[in-house]
Structure formats: structure tokens, C-alpha cells
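Colleague: Chains R and U are the protein sequences, given in the same order. For the first sequence, position 810 (counting from the first letter as 1) is numbered 1574 according to the working numbering, and the numbering increases by one without interruption. For the second sequence, position 125 (counting from the first letter as 1) is numbered 146 according to the working numbering, and the numbering increases by one without interruption. Ideal Cβ placement from N, Cα and C applies to all residues, glycine included. Remember, predicted model here, so these are calculated numbers, not experimental data. Below: one structure in C-alpha cells.
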Amino acid sequence: MTLIPHRLAVMDVDLEALNDFLEEGCDLLDQLEMLFIELENNNNDKDVLVNIFRAVHTIKGSSSFLGFKNLETFCHAAEELLDKARNGELDVSSDHVSLLLAVMDILRYCIKVIEVKQWEPEEDFSAIINQLKAANAGEAFDPNAIDMSRWTSDLQMDNIESAGASIDSEAETPAEEKAGLSEDATAVDPVESEINAQESIENPPNPEETGAEASSQENGSDTISEEILNVADDSLPDPEPVLADDDTWAEIEDDEEEENEASPTIISEVNDTIPEKPLPQLEEISFQQNNETTPAKSTNVKSIDNTVRIDVKLLDSLMNMVGELVLARNQLLQQLNEVDHSGTQSTANSISLITTELQDGIMKTRMQPIGNVLNKFIRVVRDLSKSLGKETELIISGKETELDRTLMEAIRDPLTHIIRNAIDHGIESPEEREALNKPREGHLWINSYHEGGHIVIEIKDDGRGLNKSKIIDKIVDNGLATPELVEKMDDNEIYNHIFEPGFSTVGEVSKLSGRGVGMDVVKSSISKIGGAVDLQSQKNEGTTLFLRIPLTLAIIPALIVKSHQDSYAIPQVSLIELILLKEEEKDMVESLEGTEVYRLRGKLLPLVRLSTLLGRESSEKNDSYIIVLANGANNFGLVVDDVEDSGEIVVKPLSPHFKSCEIFAGATLMGNGNISLILDVAAIAQSVNLDSRDTRSLADKLRSRTKNANTVLTFHVGGPERFGVQLSHVARLEDFSASDIEFVGNRKTMCYRGKILPLINLSDVLNIDEVTEGMNLNLIVFKAFGREAGLIVSEITDTVELEGDLNSDVYDSSAVLGTMILKKDVTLILDLLKIFEYSFPEIATNSVKQLNINNDRKIKTLHVEDSAFYRKIVKHYLDPEFFELVSAENGQVGLDKIDQEPFDLLIIDLEMPVMDGYSLLKEIRKKSNYNRVPVMVMTALTSSHDKSDAIKSGIQSFIIKLDKEEFLSEITRILNLRKEAV
Amino acid sequence: MTQKLATQDTFGIGIHEKEEHELVATFYIGKDIYGVAAINVQEIVRFQQMTVVPHAPDYILGLINLRGQIVTSIDLRFRLTGEHMAVSEECMNLILKTEDGIYSVLVDDVGDVLDIGQSQLEPPPETMSPGMRTYVNHICKLEKKLLNILDTNKIVGIKTES
């Protein structure tokens, strides 16, 4: 046998046959994989063995037909072993299965190579063949001795592809290799001739078929064979991999010839057994095999008629057209609604019905049971467990759940990664498990089911669960959050950090847990197909991952919302809930440093306004909706004007011109023919830079704001006196030097962040020592009357919680609220607003005027408050020129006072001894003459629960202690409200 | 890219030597007349409701629904002159077939289809404003006026912003 016919053989075979071979080969290998696993669980099951044998034999037959001699020889060796097993002459051990699985991997590799090069790999199969022969002869063999990396690594595939594209210099096969090849060829010669003989017995060549193929091919054959020839020439394999290999390879080659001598005898046994009829219960599998149009197989032709192979592209275009049809149908129905024509109406209805059915039908053609992907993991789990010395049982349920085939491809890699993680990191070693009173064998469940228009895939293990402390360390190390923030997170929030990029808690990357991809890749590839990932974990009980993916990519359920007059679609997959925000509840939306938040069941929900996203003015509409959307573990609310409808939309991509419009995932046509843009939830979250860290820090700020009202910042101004201001008034603290001071007129200012900041010297207001030149100066920047101002101080000492009583007798100045003993030192608590008013009367006047409520008499005000400090502060705030203030120290006293005389305004604290604010409010509401009296609640409690409770009990205002500006403006507001009502 | 465009150049700089005559569809933006190769014009449809896409580039007017197909509409006036098109119900959509698919160019009116010979064509003068020159393939010397013949692929192109 010479080498030349090898190369030319492909010219005789048309491309179609080659493609058939590839398709069939892939299917058979998939089948084989399942069968081998079944075999292992079910030792020496004859039926399974017969099927395995048949599959390998088919591959061998086709290889021989196409002239792939190496492949044929190799399959033959495997077949021999299988034959023995099939006849019960061999006890199939786990090692046998491993060996046969290795055979499969190599076959898979070969098929890939053939796909690329259109010719079989000319690598040396002798190592595996020798192992097979040893196994066959009952000698010792070791499946692990075969270096599988060369067959399975993706790198190898890359080499092939690049080799295929590489230039002519490599096309000249080095003489050594030629020699090696011819040696191979002669060595296998006797075997081959046997096989050929046997082949002709089982599958007599079908002259009709090949004849027809040949004639149909004749016209175009010239060009095609030329092409093939070119490909074959270009893709001569790089000799390097063959020669530069481990020593083991060389050794094995030496053994080869001796081993070969044994083979012919075994072949004859094969021949004897081939004519066996398939067992009846195997029909299903043989049917599957026959679905493929294998020229070599001509039996059971009838069953082929039931199925047709269709190009996926054709299905895709059908799918597109049906999408269009659905839209046209929707338009038709809508237009018909406007005219009254019963005959047309009924025709339209039947068109509508048929369209729906057609849509379902087309969708079904693209659907495949998810089992097709999940079954692949049986092997993955088996191999992985073995190599890690773990015992894992994989339990798959819901295999029949159907999924669009494009999605099937998309979930394969993420699933593989998750499963590898589960076994590598999740499931403990058998010893460890025993120590924990768990069964030695770990379990991995994969379940899939439909849920609300989506498919959920649940991957659950009963391993050790996620390592919380490691994740926390990593969060802190990566600077994703401070330790304090982490403490406030719940477990779920912490665990979800594993989806952050660059987040691997394993010190070193093991070769098992993937190709350097982390869970972030899992998350991004799932969200790319419009899905979502969630995770739960319990220490020592295991981890569960939920993948939620849409049924199909082309048609998705969506919610249609409105902003101004335009409609937008939001994919339902990210939708959690809808909240109607009524006009009167608008103030439930709070603002924190420019970010709006809404308290949703005690948690802060950051809000994004759709109109802002779209770059428009927010609309004047009264009611609006908050759409709560999921973005990983962090939800956010999208404020929209209106919610219209939900329905199925056909996603159409936007042209690349719209690259700058990241917040849109595409466009769709509505029933009325209008185009709506589809919002991309993940991109929106990203565009406003919303993530968990932000929301948490917002929550902290809200908390600290409440706290600040009760905290005093203490400082010195030149002299020994200690001063204090409420921290809630302070915007910032700044360092500055005397040289920064500039004079505008006789006023001190400084240039600060591009603006002119007026400065206040406390000595101008109070009779104290002036800050002297050369001192280290600090600036307390505060806001008053909508303006910023800076108070010059020499030294900032501390922040202190308010305690004890405020004494307003010692220091008589309107700029001082009073004195207080804080940490054993007397501190003068300053009224920053008064100081500002005093220093810049012209700015303050406008604001103060608002308080001139234009009343003919003083407003009689009752302040019910248990803390003497706040009683004094309120007294200080309310100008005696306008207000007549009566104070009460608890609800009961307050109620008594109300009974004694009428009041125009009530200011009430909620937390009080004897009778609290709620009870007091109830009592007050019982009095008919108090229906109209405005009530302001002033409290340190800030939960939304309190607020809504309070608002329900009829109060007009609710403020947090104690910001003078807010307090005064609220008083003005509610008094004016009352006046309007009158 | 240039080469690719050249092979598409239906006015032939020696590529389609046999075709001496070419059909050019003319249209008006304001008072100005422009032309494109008629072979690249799929159809002309009356004004369709325009869906504006927020944050889209300036030269994009929006999206229109062309019998179930979503088509991007280009503000050619903005591309040529830097001034935005005055969108009204009177406008027409010139639907162009291009390398990137179908686009709409909103125009004020459509004119005749002219049969123009090679000899009438000249390259755009060096002095033409660079903004305009990007899109103009040829200048056609009509009897009374000059006609700018535009390159369809460029007027709907993404990177031709100068």
C-alpha cells in the first residue's frame, strides 16, 4: 500500500458523504458517551454492550468507506475489545470504561480534525491501540498511562486550525514523517485487509447509490475536487507534535510490532459475531442511528421518512417571518377594532388563531429537550470526581424541558463551569464527608422546569457551601466594600459577590475549575441571553444556583411603560413588582445627595427616573409608577409615568448607529404599528452606576443623618471657650490658611471650588477672642438659606452625642442656643442660622419673610416633648413675635393643656413617657374642634413605617429632629395649608 | 474600504466601461437638489411616524416602520450642512439599499430620474467644503445647474463624521 491513494481518496468521495460522516460521527459519539456511563453503572449489560459495539462499528465502517485508514485501524482495535465484552468473554471493569472513554475522546478529536482538514489526523494512535490490545489479551493495562492532553486540549485544536491555514513551507512532509507513516501503514496492513473483507460482508457497497452520487456530482466535481485538493494540501499536519513528544510515545512505538501479531486471530472472532440480529428492545436506538443518512446503512430505510434534517438557518428565517406575521396580525386586529365589519372580524380571528398556532409550531421546531445538554454532564461529573478522588452522584431531572437551540448552546459553557465548581470546591472528599456525618457519596442535582415564561435550571450540591469568611476577606481585599459595610450585608448579598469580576476565592487556579473563567463570566454570559443568575448557600449543606433563562431569544414577554407620550418595553425577566406612586405619596421618595430612594418594606430602593435617563424633563403627571427591577442581587426602581400593558414582543436589533444608546436593547413594533424601544435593564443599572455599594452607603448616610441631628461638633475659636454646632448643619470641614482669605468690600470671602464662599468670623458675632494670624485654621462649611458659608475656627476637637440639659440662662446671645456640659466641659451650642442671619442679613431676610405668616394674632403653639433640650430649642426657633409657645413634657400633660385652651398648631414628639405621640394623636383626633389644626411630628424615629403610620393618623408634617431651616419651612407650609383650607 | 467602494461605483472610473449611462434619482433637501444612483433606491414612501431614539447621534432622525421592518432614518441635511432637517408630514422617505442594509433618508421632495452619461460627470472640486466632500461622489453638469451625486454607502455610514 502506498501513501498516494490516501490523499487522492478524498477526491472520489463527495463532500456530502464527508458531511454525513461528520454529523453521524458526532451523534454516535454522543450516544456512546451515554452508553459507556450506563455500562459502568450496569456492569456487563449485554444490550448496552451490543449498542456500543454497533456504534463503534458504524464509525469504523464509515471511516473505511471514506478511506480513513488510521481511524479505521483504531476503531477496529476498540471494536475487538468490545466484541469480547459483548460475548461475555471479558468482565468490564471501570478501567475498561476509562480506556474506552479515552477512545471516544480521541475519536471526537479525529472528527474535529476531519471537519477542519477534510482528512483524518495522521497522528500516532499506537499508544491507545496497544492499551486496547493489552486489555483485549487480558494483560495488564493502564488507561491513565495514555497522555490524553494531546487529544483533548483545545490548544491542540488551535494548532490544527492554524496549521491548516499555514503556508506551503510546511506542506512538504519531512522525510522522517513519511517514513513513519509508511511504517505505520505496513504495520497495520494485515489488519486492514481483514477489515475490508469483513466490511464487504456486512455492508456490500450499494452500486446504485454511489452511481447516482457520482453522476450528480459530475458537473460540479471538477471545481469541488480542486477545492478539496487545495484544502488537503494546505493542511498537511505539522510534524512537530508527532516527533517532539514524551519518551513514552517512543517506547510504545517499539512495542507496537509485537502486539500487532496477535490481531488477525481476533478479527475472525469479530466476523463470527457480526450477523447477530439486533435485540427487539434496542429498536429505539437503532432507529436513532438510522436517522442519519449513512450511505453504508441501507436497512430500516422506512424510518428515515419520519424525520428530516433541516438547516438551522432555514428555521431561523422561518422564525423571523413568523415574528413578522405576529406583528402584522396584531396590527390587523387593532385596525379592525376601529371599524365595524363582522365578516372581516371573524376571518381576522381565524387568521389570528392560525398565526398563534404557527408561531407555537415554529417555536417547537427550534426547541430541544434540555437533556441534550444536561446528559453531557454525566461524563463531566464522572471524570471530574474520579480525578479529584471524590464520589459524586449526578441526579438530573426535568430533562424533557424544552429550550430554544440557540440558548442551548449559550448555556452549555456556564453550566459546565458551575458543575466543575460544584465538584471541585463544593463537594468534599469522601473522608471529609464521613467526618461530617454525610454519606460518602456527594450529590449533585440538576433540575430544570418552566416558571412564568422562563426556564429555571437549578444546580444544587450537598457539599460544604460557600466559604463566607473567605468571600468577605476577598470583598475587603478587592476594595469592593469596607469591613463595616460587609457587616451590614446579609448572606445573600455577600455570596452574590462571587459574580464580581476577578473574584476567585481559590488561592490557585486548579486545572479543573475551568479555563481561568470566573463566576462573573457565568453571570455575563447568562445575562447576555436575557437570563439571570441567583445563588443560595448554607454552610455544610451545599450551594444552589438558579439560572433563569428565557424560552427563546426572538420573542420575549415584556411590560410596556410610558414616559411622556412614548412607549418603552421592559423585558419581564427582570421585573419584580410594580408600585403605584400616588400624588399624595410623592414625598415618600426621598433624596440623598442627588440620588432618589424609596423605602420599600424597610429597605432602601434606589430610584432611576426614566425621563431623566432619556434626557428629558420629568413630567408633570400626578401619579407615577415605580417598577422594581432586578439587577443581580440589587434591585432598583424605575420611575415611569404610566404602565400600559404586557405582551409578547419581537426583539429587533438596533443598527450600529445607535451604539451610543446603551440603555436600549433593541426595538419592537407595537400592535398599532408604532416602534417602541426595548430598555436594557442591566445597562441602565450600569449607566447610573448603581450597584450594591452605592445603596448601602446611601443607607448609611440616611442613618447618619438622623444621628447627626443629635450629635454636636465641638471646636475652639481662638480662645479657651468650647463651642458646638449640630453636626446635621455641617456640610464639610476644610483646612485653610489665612492667606486664602480675600476681601470683597469689607467682607471676608474665599474662593472655594470655583465659587465665592462667604466667611464668618465668630468674634464679629460674639464677644470672644479673634482668631489670630498664623494659627492653623479650619473652616466649618454649612448651608443656610440655600447658601453656603464658612465659619472660621481654630481647632476642631470632637463630635459628641447630645446628653443632659441645655442651659439657656448663662449666655445671653441670640446666636447661642445655650450651654451644655458635654464630656465634663461646658460647651456653647451655637445657632448657625442665627449667626448667618446676623452676618448676612440681606440674604437671610428673604427667607425670614416667609415666616411672616401674616396673622392678625400670634400663633398659639403647643409643643409636646419629653426632652428639655428640644423644648428649649423649639422655643428658640419660634420667634416670640409670631408664636406663643406652650410646652408639655408628655402626651397626658399635652392633652390636659389642649382641654384647657385652643391651639393653632401642635408640635408632637412620638416617643414619650406616660402617653406617647401616637396615643396623643388618637385622642386629639377624637376632638371635633381639632380636625383642622395642623400637627407636626418631630421625631428621631425615621422608619417609613413610623412615617406612614403618622401620616395615616392625620398629621400634616413629619420631620426629623432637628434642622432649623427644615423646621421653619415646614411650619410655614402647614400653616399656609390650613389657611388655604379655611 | 476605498477599493470596495470603487467596485460599487456604478459611475465607473473605468470599472463598468460599457455602461456609459447611469440612472440617477434626484431629490430635494430645502431648495438644494441632490442625486443618488437610482439602482440603490429601493422605493420612496411618504412620511411615516418617526420614533425618536434618545441619546442617538445627531445625524439620526429616528426609526420608522417600513411594513414591519424597523428602518433607521438619517438626517442627510445635518450631515451635509450641519443644520437639522425640518421634519414635517410633507417629507418623503427615500429608502436606500446599502452595504449595511436598508436605510431611510428623509427628503423634502423627490425629483426626476435622470439618465446621465459619463461625460457629464466630474469629481468634486477641491474647494468644496470638507463636510460636503465626504459624501459627494461626482458633480453632474446639468444644463442649468450642478447636481451633487452622493455616495449612498457614505451617507448612511457610521464613521464618516468629519
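Since F1500 (chain R) contacts L1543 (chain R) with CB under 8 Å, what's their CB separation in whole angstroms?
Modeller: Indexing the first sequence from 1 puts residue 1500 (chain R) at position 736. Indexing the first sequence from 1 puts residue 1543 (chain R) at position 779. Going by Cβ atoms, the distance from F1500 (chain R) to L1543 (chain R) rounds to 5 Å, so yes, they are a contact pair.
Colleague: So what does DSSP say about E1734 (chain R), is it helix, strand or coil?
Modeller: Position 970 of the first sequence, counting from 1, holds the residue named residue 1734 (chain R). Reduced to three states, the DSSP call for E1734 (chain R) is helix.
Colleague: Grouping DSSP H, G and I as helix and E and B as strand, with all else coil, what is R88 (chain U)?
Modeller: The count along the second sequence starts at 1 and reaches residue 88 (chain U) at position 67. In the structure shown, R88 (chain U) sits in coil (DSSP, three-state: anything other than H, G, I, E or B).
Colleague: Run through DSSP, which three-state label would G1280 (chain R) get?
Modeller: Locating residue 1280 (chain R) in the first sequence gives position 516, where the first residue counts as 1. With a pLDDT of 41 at G1280 (chain R), under the threshold of 50, the modelled position of that residue is not reliable, and no figure is offered here.
Colleague: Taking only three categories from DSSP, how would you classify E990 (chain R)?
Modeller: Taking the first sequence and counting its residues from 1, the one referred to as residue 990 (chain R) is at position 226. The predicted position of E990 (chain R) is uncertain, since its pLDDT is 43 and thus under 50; no value can be drawn from it.
Colleague: Could you compute how far the alpha carbon of G56 (chain U) sits from the alpha carbon of L792 (chain R)?
Modeller: Translated into positions along the second sequence, residue 56 (chain U) becomes position 35. Translated into positions along the first sequence, residue 792 (chain R) becomes position 28. One C-alpha to the other measures close to 60 Å.
Colleague: Nearest-angstrom Cα distance between L167 (chain U) and F48 (chain U)?
Modeller: On the second sequence, residue 167 (chain U) is found 146 positions in, with the first residue counted as 1. On the second sequence, residue 48 (chain U) is found 27 positions in, with the first residue counted as 1. Their backbone Cα atoms lie some 13 Å apart in a straight line.
Colleague: If we define contact as Cβ-Cβ less than 7 Å, is S1327 (chain R) a contact residue for chain U?
Modeller: Position 563 of the first sequence, counting from 1, holds the residue named residue 1327 (chain R). Answer no: the Cβ-Cβ gap between S1327 (chain R) and chain U never drops below 7 Å.
Colleague: Where does R67 (chain U) fall in DSSP's three states?
Modeller: Counting from one through the second sequence, the residue named residue 67 (chain U) turns up at place 46. Correct three-state label for R67 (chain U): strand.
Colleague: Give the interface partners of L1082 (chain R) over in chain U, defined as CB-CB distance under 9 Å, in chain order.
Modeller: Numbered from 1 along the first sequence, position 318 holds the residue referred to as residue 1082 (chain R). In chain order: nothing, as chain U lies at least about 15 Å away.
Colleague: Opposite V1407 (chain R) in the DSSP bridges: which residues?
Modeller: The count along the first sequence starts at 1 and reaches residue 1407 (chain R) at position 643. Paired residues: R:V1325.
Colleague: Can you look up F889 (chain R) in the DSSP assignment and give me helix, strand or coil?
Modeller: If you number the first sequence from 1, residue 889 (chain R) lands on position 125. Looking at F889 (chain R) - three-state DSSP - the assignment turns out to be coil, as it is neither helix nor strand.
Colleague: Evaluate D1747 (chain R) with the Cβ neighbour count: other Cβ atoms within 10 Å of its Cβ, from every protein chain shown; 16 or more gives buried, anything less gives exposed.
Modeller: Any answer about residue 1747 (chain R) is impossible in this case: the structure gives chain R only from 765 up to 1746.
Colleague: Starting from the Cα of F838 (chain R), find the closest Cα among R:L796, R:P885, R:E853 and give me that residue.
Modeller: On the first sequence, position 74 is the one that residue 838 (chain R) refers to. When each option's Cα is compared against that of F838 (chain R), the closest is R:P885.
Colleague: Rounded to a whole number of angstroms, what is the C-alpha to C-alpha distance between S1355 (chain R) and G103 (chain U)?
Modeller: As a working note, residue 1355 (chain R) is residue 591 in the first sequence. As a working note, residue 103 (chain U) is residue 82 in the second sequence. Going from the Cα of S1355 (chain R) to the Cα of G103 (chain U) covers about 40 Å.
Colleague: Decide yes or no for the touch test of the stretch 116-134 of chain U against the stretch 1435-1449 of chain R: beta carbon pairs closer than 8 Å, at least 3 of them.
Modeller: Verdict: no, contact absent.
Colleague: Rounding to the nearest angstrom, what Cα-Cα distance links H76 (chain U) and R1176 (chain R) in this structure?
Modeller: Numbered from 1 along the second sequence, position 55 holds the residue referred to as residue 76 (chain U). Numbered from 1 along the first sequence, position 412 holds the residue referred to as residue 1176 (chain R). The straight-line gap from Cα to Cα measures roughly 36 Å.
Colleague: Hey, would you say the C-beta of R1689 (chain R) is under 6 Å away from at least one heavy atom of the ligand MN?
Modeller: By its list of ligands, the structure shown contains no ligand whatsoever, and the ligand MN lies outside what it can speak to.
Colleague: Counting pairs of beta carbons, one from the stretch 1668-1680 of chain R and one from the stretch 1640-1655 of chain R, are three or more of them closer than 8 Å?
Modeller: Yes, since at least three Cβ pairs between the stretch 1668-1680 of chain R and the stretch 1640-1655 of chain R fall closer than 8 Å, the two stretches touch.
Colleague: Step through the CB atoms of chain R and report whether any lies within less than 7 Å of the CB of E64 (chain U).
Modeller: Start at 1 with the first residue of the second sequence, and residue 64 (chain U) comes out as number 43. It does not; no Cβ of chain R falls within 7 Å.
Colleague: Examine chain U for any beta-carbon lying closer than 7 Å to the beta-carbon of G1379 (chain R), and answer yes or no.
Modeller: Against the first sequence, residue 1379 (chain R) aligns to sequence position 615. True, the Cβ-Cβ gap to chain U drops below 7 Å.
Colleague: Contact between the stretch 1282-1290 of chain R and the stretch 1256-1266 of chain R: three or more CB pairs below 8 Å?
Modeller: Taking 8 Å as the limit for Cβ pairs, the verdict is that the stretch 1256-1266 of chain R does touch the stretch 1282-1290 of chain R.
Colleague: Is the shortest distance between the beta-carbon of M22 (chain U) and the beta-carbons of chain R less than 7 Å?
Modeller: Here residue 22 (chain U) refers to the residue found at position 1 of the second sequence. Only weak support is given to the placement of M22 (chain U): the predicted model assigns it a pLDDT of 39, under 50, and the value that follows is read from those uncertain coordinates. Answer no: the Cβ-Cβ gap between M22 (chain U) and chain R never drops below 7 Å.
Colleague: Would you kindly check if the distance between the Cβ of G1206 (chain R) and the Cβ of T1307 (chain R) is under 7 Å?
Modeller: Walking along the first sequence from the start, residue 1307 (chain R) turns up at place 543. Walking along the first sequence from the start, residue 1206 (chain R) turns up at place 442. For T1307 (chain R) and G1206 (chain R), no; Cβs fall outside 7 Å.
Colleague: What would DSSP say about C790 (chain R), mapped onto helix, strand or coil?
Modeller: Counting from one through the first sequence, the residue named residue 790 (chain R) turns up at place 26. Residue state, collapsed to three classes: helix.
Colleague: Would you decide whether S1503 (chain R) is buried or exposed? Buried here means 16 or more other CB atoms lie within 10 Å of its CB.
Modeller: For the purposes of this step, residue 1503 (chain R) is taken as the residue at position 739 of the first sequence. Burial call: exposed.
Colleague: Are the C-beta of I91 (chain U) and some C-beta of chain R separated by less than 7 Å?
Modeller: The residue labelled residue 91 (chain U) in the question sits at position 70 within the second sequence. True, the Cβ-Cβ gap to chain R drops below 7 Å.
Colleague: Give every residue of the same chain whose Cβ lies closer than 6 Å to the Cβ of V1590 (chain R), excluding the five residues on either side of it in the sequence, and list them in chain order.
Modeller: Against the first sequence, residue 1590 (chain R) aligns to sequence position 826. These residues qualify, in order along the chain: T1583.
Colleague: Can you tell which of R:I870, R:Q882, R:G1153, R:L1541 has the C-alpha that lies nearest to the C-alpha of E797 (chain R)?
Modeller: Locating residue 797 (chain R) in the first sequence gives position 33, counting from the first residue. Of the candidates R:I870, R:Q882, R:G1153, R:L1541, the one whose C-alpha sits nearest the C-alpha of E797 (chain R) is R:I870.
Colleague: Determine the DSSP secondary structure at G1681 (chain R), reduced to helix, strand or coil.
Modeller: Your numbering for residue 1681 (chain R) matches position 917 in the first sequence. In the structure shown, G1681 (chain R) sits in a helix (DSSP, three-state: H, G or I).
Colleague: Strictly below 9 Å CB to CB, what residues from chain U border L1441 (chain R)?
Modeller: Numbered from 1 along the first sequence, position 677 holds the residue referred to as residue 1441 (chain R). Those are T72, V74, P75, L84, listed as they occur along chain U.
Colleague: Mind listing the chain U neighbours of P1420 (chain R)? Cutoff is C-beta to C-beta under 8 Å, in chain order.
Modeller: The sequence position of residue 1420 (chain R) within the first sequence is 656, counting from 1. Ordered by position in chain U, the residues that pass the 8 Å Cβ test against P1420 (chain R) are D121, I179.
Colleague: From I65 (chain U) to A1092 (chain R), what does the alpha carbon distance come to, in whole angstroms?
Modeller: Indexing the second sequence from 1 puts residue 65 (chain U) at position 44. Indexing the first sequence from 1 puts residue 1092 (chain R) at position 328. Answer to the nearest angstrom: the Cα atoms are 21 Å apart.
Colleague: Apart from the five residues just before and just after E1439 (chain R), which ones in its own chain have a Cβ nearer than 8 Å to its Cβ?
Modeller: Numbered from its first residue, the first sequence carries residue 1439 (chain R) at position 675. It is worth fixing the name first, because residue 1439 (chain R) is Ile in this sequence and not Glu. So the list reads A1431, T1432, L1433, once near-sequence residues are dropped.
Colleague: Is there a Cβ from chain R that is less than 7 Å from the Cβ of I176 (chain U)?
Modeller: Counting from one through the second sequence, the residue named residue 176 (chain U) turns up at place 155. Not an interface residue.
Colleague: Comparing alpha-carbon positions, which option in R:D1387, R:R1380, R:S1331, R:I1334 lies nearest E1349 (chain R)?
Modeller: Here residue 1349 (chain R) refers to the residue found at position 585 when the first sequence is read from its first residue. E1349 (chain R) has its Cα closest to that of R:D1387, out of R:D1387, R:R1380, R:S1331, R:I1334.
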